[in-house]
Amino acid sequence: MKKLYIENLGCAKNQVDAEVMAYRLRDGYELTPEAKDADLIIVNTCGFIESAKEESLNTFFALREQFPDKKFIISGCLAQRYPEALSSDIPEADAVFGNRDLRKITEVVASLDSRKERPLCLVPDYPDPLDEDDTRSSLFSFPGSAFLKISEGCNHCCSYCAIPVIRGPLRSRPMEAVLNEARRLAGSGIKELNLIAQDLSAYGYDWDKVSHFEELLDKLCEIEGDFRIRMLYIHPDWMTDRIIECVKRNSKILHYFDIPFQHASENILKKMGRVGNLESYSALIEKIRKNLPDAVIRTTLMLGFPGETEEDYKALETFTKRCRFNWMGSFTYSREEDTRAWDMTDEETHEKLSKISEKRQKKLQKIQEKITAERLEEFVGNVYSVLIEELIQGEDLAIGRIYSQAPDVDGLTVVMGRNMVPGNVYECRITGVKDVDLEAVKID
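Numbering (the numbering used here), first residue to last: 58 to 501.
In structure tokens, the structure reads:
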């Protein structure tokens, strides 16, 4: 069989897309972990913000220069967003393929040998939900963990966000399809199902203007198996009491909340298209922790949105100090065409504010680093279940995660002990903190 290498960039949703494409090509291509061994290389790109676009293009050209004789496909969000431009401006690619109807990847690959002067360009729309096939056989996650996509696109249309442009409006997967995939994953030994969507809480709203997320959670928890569910990406304006109650009554759901607040100034939030403010968002955090005292909360905050003042920034500082998030990521505003925020400023004004916001970001991160360090100390001395991801060669050490650590974005837990197997869960006592990681000892 020929060899396939996929260089995956961007978010977990992109990773699922890459896993689906690998499955669709399984009859002709075998996955290889090394690009040098591949006959075909797919660069699965991100096109969310400017830095992600640059990384995607730089990655493609670096691989193309290193392996000039291999076939190359540019896929993913960048390909979906700028298909014609990529096809006309990058003749080094053999094909450009969007990210909506992933079944069509077989057609693209079948046409590679007959390419003409310009790269083949195929950007089909989504298929009927009942015809969609999201089957995967190879997971790109560490052993024992998997991402489970429950919907595509988004209806919130925040003024800064290009996701609706790239992935379209909200498109929830049929509930039975999600449950069947969850059963397959749990049955294969997966210990951690990470639910992903642009906004989990909006699941099913495109069907009848009512969220069906709590219903989905309850049904997922009825599936037999020793696994846990992690919720990733919940819009703060859609975070309801029902979700909190659902987590309380279902022991399979980890007490981990990824809520991207983005800002705390009412002035900026209104311009973003959100309805919250410093007080309402602070009250939401307080409510979660009152109902679930061990809840871990991660957020992302944006600096430099058009019109942001020093007073607006101070609201972010107050918010961060008051809510004491376990984890917080921050980024500066990226001016994206085809979004409503594009016309809120001009490039010169944006560049000036970007320089200011970069300084503010460093200051805010220092505040959060101290809070995160203090939050991590709260785990020391307690026993937690650790999902082991990999062993450290030549030592009685392994790397894993506890419930407070989501894959790829949070710290890790370094476990001392013997006879551990990646993908299995072990009870461990937390003994210390090192930077953003925890140290632990396996309990025999």
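Every residue gets a Cβ at the ideal spot worked out from N, C-alpha and C, and that includes glycine.
Lys-347 counts as exposed, since fewer than 16 other C-beta atoms from the protein chains shown sit within 10 angstroms of its C-beta.
Across the set Arg-83, Ile-131, Phe-382 and Trp-264, the C-alpha of Phe-382 shows the shortest separation from the C-alpha of Asp-351. Residue environment analysis places Ser-391 among the buried positions, since at least 16 neighbouring C-beta atoms fall within 10 angstroms of its C-beta. The beta carbons of Arg-458 and Leu-448 sit no closer together than 7 Å. Its chain contains Thr-396 as the residues whose beta carbon lies nearer than 7 Å to that of Cys-218, once the 5 sequence neighbours on both sides are disregarded; these appear in chain order.
Fully contained in the region 240-310 are the following alpha helix (DSSP H) runs of length 4 or more, in chain order: 262-265, 270-278 and 298-306.
Residue pairing by DSSP places Tyr-483 opposite Val-443 in a beta bridge. Under the 10 Å beta carbon count, Ser-195 is surrounded by fewer than 16 other beta carbons and is classified as exposed. Between Lys-276 and Leu-236, the C-beta gap is smaller than 7 Å, which places the two residues in contact.
Cβ contact annotation for Glu-112 (same chain, cutoff 8 Å, sequence separation greater than five): Leu-66 and Cys-103, in chain order.
Taking one beta carbon from each stretch, the region 181-201 and the region 228-244 have 3 or more pairs nearer than 8 Å; the two touch. Annotation for Val-153: the continuous beta strand (DSSP E) segment containing it runs 152-154.
According to the DSSP secondary-structure assignment, Met-385 is paired through a beta bridge with Thr-356. Here Arg-417 carries a helix assignment [DSSP, helix/strand/coil].
Look at Ile-428 here: in three-state DSSP terms it is helix. Remark: C-beta atoms of Val-490 and Leu-433 approach each other more closely than 7 Å. The alpha carbon of Ile-342 has as its nearest neighbour, out of Gly-330, Arg-331, Arg-355 and Pro-221, the alpha carbon of Arg-355.
Comparing alpha carbon positions, the residue from Ala-239, Lys-110, Arg-475 and Val-153 closest to Cys-68 is Lys-110. Taking 3 residues as the shortest admissible run, the region 114-171 contains the following complete beta strand (DSSP E) segments, listed from N- to C-terminal end: 128-133 and 152-154. In the structure shown, Gln-450 falls within a coil segment according to DSSP collapsed to helix, strand and coil.
Spatial neighbours of Thr-163 in its own chain (CB-CB distance under 6 Å, excluding positions within 5 residues in sequence) are listed in chain order as Arg-81.
Contact between Ala-372 and Ala-321 is confirmed by a C-beta separation of about 4 Å, below the 8 Å threshold. Given a length threshold of 4 residues, each whole run of the alpha helix (DSSP H) inside the region 173-234 is given here in chain order: 220-224. Using a Cβ-Cβ distance cut-off of 8 Å, the region 175-184 and the region 138-149 are in contact, since at least three pairs of beta carbons, one from each stretch, lie closer than that value. Scanning Ala-234, Phe-199 and Asp-146 for the CA closest to the CA of Pro-186 turns up Ala-234. Counting every other CB atom within 10 Å of its CB across the protein chains shown gives Val-153 a total of 16 or more, marking it as buried. The Cβ atoms of Ile-316 and Phe-362 do not sit closer than 7 Å to each other. Around the Cβ of Ser-202, a 10 Å sphere holds 16 or more other Cβ atoms; the residue is buried. Following the DSSP letters along the chain, one finds Asp-494 inside the beta strand (DSSP E) bounded by residues 494-499.
Pairing Leu-421 with Asp-369, the inter-Cα distance amounts to about 13 Å.
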